[in-house]
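Worksheet: the structure to be examined is printed underneath.
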Amino acid sequence: MPHSTLWISIFVAYLLTWGLIPWVLLKPTVHSSAAIAWIMAIIFLPFIGPLACVLFGSTRWERHSERKRFSSAHIDHRMPERTVDFKIPDTQLHPWGSIARLTQKSTGMQVLDGNAIELSANTNTTFQRMKEIIESAEHWVHLEFYIWRNDETGTKLRDLLIAKAKQGVRVRFLYDGFGSMLLSREFLRPMRRAGVQIASFTPGFEFWHIMTLNLRNHRKIIVTDQQEAYTGGMNIGHEYLHPTKHYGHWRDTQLVLRGPAATQFQQVFAQDWFYATGEQLVEETFYPMPERRGSSRAQVVADGPDSDVDTFLELAVAALGQAKRHVDMTTPFFVPPDGLAISMAAAARRGVRVRLMIAGRGNFAWTYHAGRSFYGPLLDAGVEIYEYEKGLFHAKTMTVDGQWSLVGTANWDCRSLSLNFEVAVSMYDDEPAEQLRQHFERDIQDATRLMPQQWHERSNVTRLKEQFYRLFAPVL
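Take 145 as the starting number for the sequence shown in the working numbering and just add one per residue.
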């Protein structure tokens with residue numbers, strides 16, 4: 145083939161890749177910056193940009209959305225009759241009734257009274273509680289995790305699940321195919337032999353699912369028939385319990401909930417399980433009548449690319465807008481959508497004390513440097529930014545005015561707020577907010593506060609590196 149013909153063929157192929165641009169523009173995403181980034185990649189990174197767009201450009205999961213609606217139709221009708229005695233009217237949640245309504249409109253889940261909530265910043269204590277929750281199960285236990293290592297820690301919990309299955313307890317284990325890609329058949333085989341039902345939420349790198357490679361199930365859930373549930377930042381692996389050379393000490397925040405709201409965790413798991421397996425968990429035994437275990441008012445918040453709205457983003461923006469005195473936010477990765485960063489700055493300018501705790505060392509350099517590019521305007525607005533230095537900071541929380549708080553699996557970044565399946569608990573009481581404030585105060589002792597003047601004096605090379613990584617912020 146003559147060189148001229150070859151180059152013409154390459155150029156025509158390049159122009160054909162522009163056919164992805166309408167696909168990007170028509171995707172149901174609310175973030176125009178992400179669309180612009182993908183269009184620029186398609187045009188200025190021939191072939192590489194379009195390939196990346198196909199692999200990582202999907203922001204909504206239409207198939208899961210259809211299954212979710214079908215699953216919800218079979219599950220949700222069981223909920224009202226079981227939780228009616230524990231529902232809290234919005235009028236009794238002043239001044240947070242609007243936050244509760246926003247969440248309910250997005251997720252369908254209401255605020256429920258009668259819960260006992262345990263918060264922990266100690267991963268070893270949390271791991272022990274995980275084992276206790278599993279051991280207490282009499283009829284069924286359901287687990288859903290993003291990362292499950294086949295190391296000593298993962299093996300201990302695996303063997304406990306095997307023991308429960310041999311006792312006749314129905315055990316279901318759902319993992320993310322990308323986050324837990326290293327789980328081997330050999331590791332899972334003893335579980336299957338014991339009767340544990342196992343499913344992968346996303347198949348990882350399988351060819352037929354390549355278009356959804358960018359969408360991951362980042363949820364961490366344990367829920368049992370004893371109306372106990374776990375969620376938080378901690379996955380299952382050695383690094384979460386023991387200091388390592390790479391991560392050092394692991395600082396995370398977890399939550400154990402007992403009471404009526406545990407049924408909402410089961411609702412989330414059932415929908416995800418149905419997507420992964422086609423099995424409908426609609427038996428009466430999976431939705432026991434709730435019992436009062438405490439006095440906390442809680443609401444499970446589930447969000448993901450199967451939703452028409454970015455619930456966590458809307459929730460954070462609304463809470464920042466309602467704040468009167470102070471806001472504390474924690475996250476390992478801070479690569480926020482514009483709306484979140486603007487809301488934080490606006491709250492600070494109104495006189496609200498806004499504090500942000502971030503990992504001083506990241507396990508992903510690109511998110512760490514991209515996140516730092518957002519600091520300048522926030523510092524100028526009066527936001528207090530702290531970088532945790534003792535080890536790897538992995539907590540994902542928010543508290544407002546000592547009255548409302550949120551703990552879960554979602555980072556304050558574009559990926560968690562738009563691309564991942566996430567879950568959290570929204571709490572409408574002073575006690576959990578005060579506990580989280582105490583956690584924050586302790587963390588400050590192991591953190592460095594960034595000052596505006598020093599920040600603006602960093603080198604141009606550093607700024608250039610941060611701005612370069614920021615170009616990829618919508619998909620990090």
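Don't be surprised by glycine CBs; every beta carbon is placed ideally from N, CA and C.
Item, Value
"From Leu256, Gln370, Gln398 and Arg441, residue whose alpha carbon lies closest to that of Val228", "Leu256"
"Identity of the residue in Arg614, Lys249, Leu327 and Met433 nearest Ala509 by Cα", "Arg614"
"Minimum Cβ-Cβ distance from Gln597 to chain B less than 9 Å", "Absence of chain B from the displayed structure is noted, only one protein chain being present."
"Glu566, DSSP secondary structure in three states", "strand"
"Whole-angstrom C-beta distance between Leu318 and Ala420, which should lie under 8 Å", "6 Å"
"Beta carbon of Val569 nearer than 9 Å to that of Arg363", "no"
"Reduced DSSP secondary structure (H/G/I, E/B, other) of Thr368", "strand"
"Contact check, Tyr431 vs Leu536, beta carbons under 9 Å", "no"
"Those runs of the alpha helix (DSSP H) which lie wholly inside the region 482 to 570 and span at least 4 residues", "482 to 493, 509 to 516 and 519 to 525"
"Contacts around Gln597, its chain only, beta-carbon distance under 6 Å, and the 5 residues preceding and following it disregarded", "none"
"Sub-9 Å separation of Tyr572 and Ile232 beta-carbons", "yes"
"Those residues which DSSP pairs with Arg593 across a bridge", "Tyr530"
"Exposure label - Ile152; buried when at least 16 CB within 10 Å", "exposed"
"Contact under 9 Å by Cβ, Val527 with Ala489", "yes"
"DSSP-derived helix/strand/coil call for Phe322", "coil"
"Contacting residues, own chain, Cβ-Cβ under 7 Å from Leu327 (five flanking each side not counted)", "Trp292, Asn294 and Tyr319"
"Inter-residue spacing [alpha-carbon to alpha-carbon] between Arg493 and Arg273", "41 Å"
"Exposure of Val400, with buried meaning 16 or more beta-carbon neighbours within 10 Å", "buried"
"Uninterrupted alpha helix (DSSP H) stretches inside the region 369 to 425 (no shorter than 4 residues)", "406 to 421"
"CA-to-CA distance, Gln370 to Lys308, given in whole angstroms", "14 Å"
"Met473, enclosing alpha helix (DSSP H) - first and last residue", "Run containing Met473: none in the alpha helix (DSSP H); it sits in the beta strand (DSSP E), His470 to Thr475."
"Cβ-based neighbour list, Val174, same chain, cut-off 6 Å, excluding 5 preceding and 5 following", "With a pLDDT of 46 at Val174, under the threshold of 50, the modelled position of that residue is not reliable, and the figure given next carries that caveat. Cβ within range, chain order: n/a, list empty."
"Whole beta strand (DSSP E) elements within the region 268 to 344, 3-residue minimum", "284 to 289, 314 to 319 and 341 to 344"
"Cβ neighbour criterion (16 or more within 10 Å) applied to Asp303", "exposed"
"Backbone CA spacing between Gln547 and Ser440 [nearest angstrom]", "12 Å"
"Presumed contact (8 Å Cβ cut-off) between Tyr384 and Thr267, rounded CB distance", "5 Å"
"Segment limits, alpha helix (DSSP H) that includes Val461", "Thr455 to Gln466"
"Residue burial classification, Pro166 (beta-carbon count within 10 angstroms, cutoff 16)", "exposed"
"Residues that Asp447 bridges to, as DSSP identifies them", "Glu566"
"Leu608 burial status per 10 Å Cβ neighbour count (16 or more: buried)", "exposed"
"Contact set for Ala463: own chain, Cβ-Cβ below 7 Å, skip 5 residues either direction", "Ile243, Met542, Val544 and Trp548"
"Start-to-end residues for the alpha helix (DSSP H) that takes in Leu580", "Asp574 to Ile588"
"6 Å Cβ shell around Asp454 - same chain, five flanking residues per side excluded", "Leu561 and Ser562"
"Rounded straight-line distance, which links the Cα of Lys540 to that of Arg581", "13 Å"
"When Trp284, Lys310 and Phe584 are compared against Ala503, the one with the closest alpha-carbon", "Phe584"
"Top-ranked residue by Cα proximity to Gln611, from Glu282, Tyr290 and Ser517", "Ser517"
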